[in-house]
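Accompanying notes for the structure given below.
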Amino acid sequence: MAKFNTIGVLTSGGDAPGMNNAVRAITRRAIDNGIRVMGIYGGYSGLIRDKMRELTALDVANIENIGGTILYSDRCDEFRYEPGMQTAIATCRRHNIDAIVAIGGDGTFRGATDLSIRGIPTVGIPGSIDNDITSSDYTIGFDTAMNTVTECLDRLRDTCESHARLNVVEVMGRDCGEIALRTGIAAGAMAIAIPEVPFDEEAAIARCMKAASEGKRSMLVVVSEGVFTAEGKPYGEDLCKRLSAAWKAGTFCAEPKFARLAHIVRGGSPTLRDRLTATEMGAFAVDLLLEGKSDVVVIEREGRLCAREITSALANDKMYKKKLADGALDKFTAEQVAEMKALCELRTADIGRLYDIHLSLCMGK
Ligand code: F6P
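Residues in the sequence shown are numbered consecutively from 4, following this note's numbering.
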């Protein structure tokens, strides 16, 4: 079993409900194994600026139901460059921090890998409302965010039904359409636009016109923030403006309204799923360090937690998002590349299957 004196824990990137449960689990699992824990405040910036303090078991009591992150978060540009990283390493040495658990998304994992390469063992935990870490079936915060979006959609449905309106609703997710797709299905949206599937606007409008002519009063169109017009404008808002003009001209069936849920979706008390997953992932991350693992990210696959090398997880993400640089796969074996491709195919098939269900339920096939 690897020996550690002190481990650091930080949260970085967009906050996500459940991060606090992970912080609590990491802290208590480590203390239970005789390890000191330093809470690093404000992500990698906190490491650079030496913003940290020791966390006791009591410090992480009663945070199970609190949204956001008690350790605060940041998107730290300075940490991308060598001087920033060296300052961070010096801070770790000064506090005898001999390992770090970093909770966040792909940017956080890039930072974790940089630390491991420079001699500080690290384990990453996927924390992001977006569910956009290709290697993991789940990222902490996704369930809470989807529940919040679904509640908002239900509320918008009520007022749309009263006024015979259509609401175009833009939801977060960066370049991942998971939140939009799943909540759109859950709330019975007439149309869902996500980056992963080409959106047939003409068919969607025809569907709305037909449904309205048959007596449907309320309609929801859910658009992921990662969908843009050819000119690079946010698609949802642009669509709503065009539908508004058509409605005023008498050629569209319902008065359209636009809502951008934005950061509302990131706040709030974590759901049971997020609390439990975050707790399990936090404890597992400490166990991985004790087993001597480093430069790995905790992932969930088919209901079980396991570890995956950060570099291969990041490459898999890039492959899925078709952003692989030339030669990026050279360091991986043919077997690893085949596994990455299989995972991308699985993710694409899952999205396709759900999108197909959506289309058939709103009679769009
Ligand atoms: O990655 C989480 C996320 O909430 C994305 O859905 C969104 O695009 C982004 O963060 C917003 O970031 P910021 O809080 O920096 O505006």
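Here a beta-carbon is modelled for each residue, glycine too, at the ideal position from N, C-alpha and C.
Shortest gap from the CB of Asp133 to any heavy atom of the ligand F6P: under 6 angstroms. Taking C-beta separations shorter than 6 angstroms and ignoring five residues to either side along the sequence, the partners of Thr30 in its chain run Val40, Leu58, Val63, following chain order.
Judged by their CB atoms, Ile195 and His361 are nearer to each other than the 7 angstroms cut-off. The continuous stretches of beta strand (DSSP E) do not include Arg52, and DSSP gives it neither H nor E. Annotation for Arg177 indicates a beta carbon within 6 angstroms of some heavy atom of the ligand F6P. In summary, Glu164 is exposed, with fewer than 16 beta-carbon neighbours lying within 10 Å of its beta-carbon over all protein chains present. In its chain, beyond the 5 residues on either side, His361 have a beta carbon closer than 6 angstroms to the beta carbon of Ile188.
Inclusion of Gly17 in the 6 angstroms shell around the ligand F6P follows from its C-beta lying nearer than that to a non-hydrogen atom of the ligand. Contact between Asp133 and Gly176 is confirmed by a C-beta separation of about 5 angstroms, below the 8 angstroms threshold. Note: Ala28 is not bridge-paired with any residue in the DSSP secondary-structure output. With contact defined as three or more Cβ pairs closer than 8 angstroms, the region 265–280 and the region 240–252 are not in contact. If only uninterrupted beta strand (DSSP E) runs of at least 3 residues are considered, those enclosed by the region 159–226 are 168–174, 194–196. With fewer than 16 other Cβ atoms from the protein chains shown falling within 10 Å of its own Cβ, Tyr84 counts as exposed. Boundaries of the beta strand (DSSP E) around Thr9: 9–14. C-alpha of Arg97 to C-alpha of Gly191: approximately 55 angstroms in a straight line. Residue Ala288 holds the alpha-carbon nearest to the alpha-carbon of Ala28 among Leu118, Ala288, Arg210, Tyr44.
Residue Thr314 holds the alpha-carbon nearest to the alpha-carbon of Ala115 among Lys344, Thr314, Asn319, Ala215. DSSP places Thr94 within a helical segment (H, G or I) once states are collapsed to three. Only buried fits Arg32, as 16 or more other CB atoms lie within 10 angstroms of its CB.
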